[in-house]
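360 is the number that this note's numbering gives to position 225 of the sequence shown; each next residue is one higher, with no gaps.
We put the beta carbon where it would ideally sit given N, CA and C, even for glycine.
Predicted model only: the values in this text are computed from it and were never measured.
Structure record follows, encoded as structure tokens.
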Amino acid sequence: MNRDRLRLLIIGAGGIGAYYAARLVDAGHPATLLARGAHLAAMQRGGLRVEHPDFGFSGAVDALDADELLTSRDAADFDLVLLTTKANSTVDLMRQLGDWIMSGPGLSVMSLQNGIDNEPAIAGRLGLPRTLGGLAVRIGGHVTEPGHVIATGPAQVVCGAWPNHHANYGVPTERIPAGELLETGERVRFTIPTGHVIELYARKTATGGTLPAVNPEAWSPEAEHGIAPIRMDHILLYGPDIDGAHAIFRDVLGFYLVEHIVQDDESDLAIWLSCSIKAHDIAFVKHDEPGKLHHIAFVLETWEKVLRAADLMSMHRVPIDIGPTRHGVTRGTTIYAFDPSGNRFETYCGGYQPYPDWQPTKWTMEEIGAGIFYHNRQLNEAFLTVLT
136 MNRDRLRLLI IGAGGIGAYY AARLVDAGHP ATLLARGAHL AAMQRGGLRV
186 EHPDFGFSGA VDALDADELL TSRDAADFDL VLLTTKANST VDLMRQLGDW
236 IMSGPGLSVM SLQNGIDNEP AIAGRLGLPR TLGGLAVRIG GHVTEPGHVI
286 ATGPAQVVCG AWPNHHANYG VPTERIPAGE LLETGERVRF TIPTGHVIEL
336 YARKTATGGT LPAVNPEAWS PEAEHGIAPI RMDHILLYGP DIDGAHAIFR
386 DVLGFYLVEH IVQDDESDLA IWLSCSIKAH DIAFVKHDEP GKLHHIAFVL
436 ETWEKVLRAA DLMSMHRVPI DIGPTRHGVT RGTTIYAFDP SGNRFETYCG
486 GYQPYPDWQP TKWTMEEIGA GIFYHNRQLN EAFLTVLT
């Protein structure tokens, strides 16, 4: 294999597959595109055109269908197969092309599809040594007309060893079978450098909310019972190696930095990370003891709902920790209290919607008071140090 000039077969030349094919061909890697129908005919007749804000391609490509691949091409002529079809076609494709792929010495398949079932389906047909894990992230792509693709986003690829991609970062993993936790699919468990045990899962039984999924009313009385948060919003954890945790969440799980507090030496004291367009999904503060919890947060719809939460806490003699007030970091309005087990929780509203390409907001030690509590601009020792 010439690592400077990979010979690639891309199965699925839709919006995602065609974009990556164009990038690879433009970089000098021969690529064959497996497609069908009018899109295939257009590429064979007039080539492929790809539009992206940072990249453009228009030119001839080697495109064919599955029958022609099986009858006229040798698997030994390829170094790698990229699978970019819809996930529901993986099993059928492996059944159709499996023998042909295995005729290529060492030919491996990397899935860039959504979902968690693709690699197991590939490995079940081809074996683990020929299965590579991958995911196309932060990209949107569509075939706008046959032979023409428009794509947007940074278009990143996360790839590596499967099923233990976390091991590439020195993090051992444990796979837990579906059903071990009630109504939950297969989970992956690992410990991050801050000492916290993390579990990832992709399937959980949906129980619904207070409104039906078909023809719902605008709201229901049940949704107004108590504080009535919409959902769990984020969590703040304390531990020693937040840089190591940041690397895993950024490089393996696809989170990005939204805000951070930096110390005088420019190292991070605290980081706020998002995998969505929320101001944060998880945050970390540097702390000597590992595995500590600061709070779990639940989101409310309005500032008035935060004030109502304070009223309800007072009525029920719930020990309020801080608030109602506003954070400078994330700009959210908030109130904190303790549940009967002693854990701190937050009911939270507001903030802003970041995007992955935004420059992270930086807070210095001189303004840390305003960052934590914007109104009085002063730190509260108990708030910072009481952990569970």
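A check of alpha carbon separations from L263 across N511, V278 and V244 identifies V244 as the nearest. Per DSSP, K440 is not a residue of any beta strand (DSSP E); the alpha helix (DSSP H) it occupies stretches across W438 to M450. Taking Q179 as reference, the option from P188, L168 and H331 with the minimal CA-CA separation is L168. A Cβ-Cβ separation of about 5 Å places A380 in contact with P328 under the 8 Å criterion.
In this structure, L218 sits near N253, with a CB-CB distance shorter than 9 Å. In this structure I146 does not touch A156 by the C-beta definition: roughly 11 Å separates them, more than the 8 Å allowed. Under DSSP, D197 shares a beta bridge with T167. DSSP, reduced to helix, strand and coil, places H462 outside both helices and strands of the structure shown, so it counts as coil.
The criterion of a C-beta distance shorter than 9 Å is not satisfied by H430 and T465.
Segment contact: the region 494-511 against the region 470-482, fewer than three CB-CB distances shorter than 8 Å; contact not assigned.
Restricting attention to F384, P425 and D386, the CA atom closest to the CA of H331 is found in P425.
For I455, the CB contacts under 8 Å within the same chain, skipping 5 residues up- and downstream, are A445, M448, S449, I470, Y471 and A472 in chain order. Considering only P347, N249 and I257, the residue with the shortest C-alpha distance to L232 is I257. Take D423, set aside five residues on each side of it, and the residues of its chain with a beta-carbon closer than 8 Å to its own are P375, in chain order. Of the candidates L346, M367 and F419, F419 places its Cα closest to the Cα of A382. Straight through space, the alpha carbons of D202 and L346 are spaced by roughly 49 Å.
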